[in-house]
Ligand code: PLP
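In the working numbering, the protein residues as written are 0 to 408.
Structure, rendered in structure tokens:
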């Protein structure tokens with residue numbers, strides 16, 4: 000008899016996006032003629048950069064000949080990609096990394112979800128709220144989150160980020176061992192300044208806190224003062240793991256590639272207080288459970304760092320960020336409060352007075368046929384907000400704003 004991991008049973012049945020899909024699908028059945036504009040799920044719509052496609056074609060060619068064929072690669076990633084990552088994403092920001100501190104993977108969802116494998120089940124967790132749901136759900140699965148009581152997990156410290164505090168999280172009210180920070184933030188689209196991030200790094204250094212820093216959207220930062228990496232802050236290598244993704248940077252949501260940085264200076268502790276390099280544990284975990292991202296994928300990712308690749312990828316990011324500007328202006332003209340959208344492809348909209356997130360979602364779907372994501376799906380402090388993404392087609396984005404204007408004004 001195989002006993003199950005009963006922590007899975009604690010997870011609420013429905014995942015946010017399947018609830019949304021159900022509502023949208025039943026609306027489609029009753030309104031088959033209406034054109035629905037989907038600005039809900041954070042998936043990209045524009046094709047891969049030609050430089051990436053060329054590199055992937057070439058990599059496929061490599062696979063056709065015995066001399067250039069690639070079987071299993073290094074679990075940590077090919078050095079051609081790791082070197083390009085360090086040279087382009089870190090060295091220009093004054094950050095030095097050894098190649099063995101970078102782990103290429105199939106994306107940041109897997110890594111942020113799997114990182115808990117190397118940490119004890121009874122660490123306490125802190126999250127900014129609202130937050131990307133994977134951080135909490137993966138900790139629920141390992142038993143680390145405790146039990147769900149009135150919409151909150153008992154062993155999770157929620158740090159509210161709302162319009163009232165300008166989306167700047169306060170230091171946690173009680174001790175946490177592991178803290179998740181995601182900047183630019185999904186879902187609020189807001190960022191932390193260097194000083195604010197410094198506050199967190201110093202707090203972690205003083206309190207032996209491990210920071211999980213998810214920088215999946217760093218490529219969208221426009222403000223030259225905003226940090227792209229937590230390692231821009233002195234001392235951060237001693238306290239933080241950083242997650243990056245090519246999904247939104249370069250349209251890799253369907254290709255699958257990202258990477259995680261685990262500095263060698265970063266330690267965890269045994270119960271007896273002995274220091275252990277987390278880099279060693281993550282390396283062991285990856286070598287045992289992961290066989291590397293494919294050669295073809297990694298050649299594609301490498302091409303993002305070529306001069307043509309950089310230019311093409313930036314063009315697509317600019318396209319999405321123009322959508323974000325159009326949306327923010329359009330929404331604000333309608334008299335709604337909108338946040339984010341300046342250094343991130345997400346807009347976080349305050350629901351009109353008296354409407355919950357789900358009521359606002361339904362109103363938008365039923366009356367203007369626009370699909371957003373109810374903010375409460377990202378955590379208790381998301382109640383009363385709705386997330387829209389800038390990843391749509393330009394025409395759809397313009398039409399959505401026109402519909403909204405007609406509806407509100
Ligand atoms: N981290 C954040 C904050 C995200 O919003 C997402 C995707 O939406 C991911 C990670 C997942 O990225 P990937 O596609 O690399 O798994």
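We put the CB at the ideal spot given by N, CA and C, even for glycine.
When you compare the CB positions of residue i and residue j, do they come within less than 8 Å of one another, or not?
{"i": "residue 106", "j": "residue 244", "result": "yes"}
{"i": "residue 294", "j": "residue 33", "result": "no"}
{"i": "residue 103", "j": "residue 304", "result": "no"}
{"i": "residue 214", "j": "residue 182", "result": "yes"}
{"i": "residue 250", "j": "residue 315", "result": "yes"}
{"i": "residue 252", "j": "residue 52", "result": "no"}
{"i": "residue 35", "j": "residue 22", "result": "no"}
{"i": "residue 55", "j": "residue 308", "result": "no"}
Taking residue i as the reference, give the member of the options with the closest Cα.
{"i": "residue 206", "options": "238, 257, 223", "result": "238"}
{"i": "residue 108", "options": "247, 28, 49", "result": "247"}
{"i": "residue 288", "options": "31, 30, 185, 74", "result": "74"}
{"i": "residue 184", "options": "12, 41, 152, 260", "result": "41"}
{"i": "residue 275", "options": "64, 201, 117", "result": "117"}
{"i": "residue 166", "options": "270, 223, 195, 140", "result": "195"}
{"i": "residue 58", "options": "153, 277, 363, 296", "result": "296"}
{"i": "residue 160", "options": "186, 408, 173", "result": "186"}
{"i": "residue 292", "options": "99, 18, 76", "result": "76"}
{"i": "residue 221", "options": "148, 31, 313", "result": "313"}
{"i": "residue 47", "options": "141, 157, 16, 311", "result": "311"}
{"i": "residue 350", "options": "344, 343, 335, 342", "result": "335"}
Can you list, in chain order, the residues of its chain with a C-beta nearer than 7 Å to that of residue i? Leave out the 5 residues immediately preceding and following it.
{"i": "residue 236", "result": "230, 262, 264, 265"}
{"i": "residue 387", "result": "38, 326, 346, 348, 371"}
{"i": "residue 110", "result": "104, 242, 257, 259"}
{"i": "residue 130", "result": "179, 181, 377, 378"}
{"i": "residue 366", "result": "406"}
{"i": "residue 364", "result": "22, 23, 26, 370"}
{"i": "residue 81", "result": "98, 101, 103"}
What does DSSP give as the partner residue(s) for residue i in the beta ladder?
{"i": "residue 339", "result": "346"}
{"i": "residue 159", "result": "128"}
{"i": "residue 245", "result": "BP columns for residue 245 are empty, so no partner."}
{"i": "residue 104", "result": "257"}
{"i": "residue 135", "result": "Answer is none; residue 135 lacks a bridge partner."}
{"i": "residue 388", "result": "345"}
{"i": "residue 274", "result": "268"}
{"i": "residue 239", "result": "210"}
{"i": "residue 370", "result": "37"}
Can you list, in chain order, the residues of its chain with a C-beta nearer than 8 Å to that of residue i? Leave out the 5 residues immediately preceding and following it.
{"i": "residue 178", "result": "124, 125, 126, 171, 199, 203, 208, 209, 210, 211"}
{"i": "residue 68", "result": "61, 62"}
For residue i, which residues from the same chain have a beta carbon less than 6 Å from its beta carbon, with the 5 sequence-adjacent residues on both sides left out?
{"i": "residue 217", "result": "227"}
{"i": "residue 357", "result": "373"}
{"i": "residue 193", "result": "226"}
{"i": "residue 331", "result": "337"}
{"i": "residue 340", "result": "188, 323, 327, 346"}
Inset, instruction - Check whether the segment 366–386 touches the segment 125–136, counting contact only when three or more Cβ pairs, one atom from each stretch, lie closer than 8 Å. - result: Yes: at least three Cβ pairs fall under 8 Å.
Inset, instruction - Decide yes or no for the touch test of the segment 308–325 against the segment 391–402: beta carbon pairs closer than 8 Å, at least 3 of them. - result: Yes: at least three Cβ pairs fall under 8 Å.
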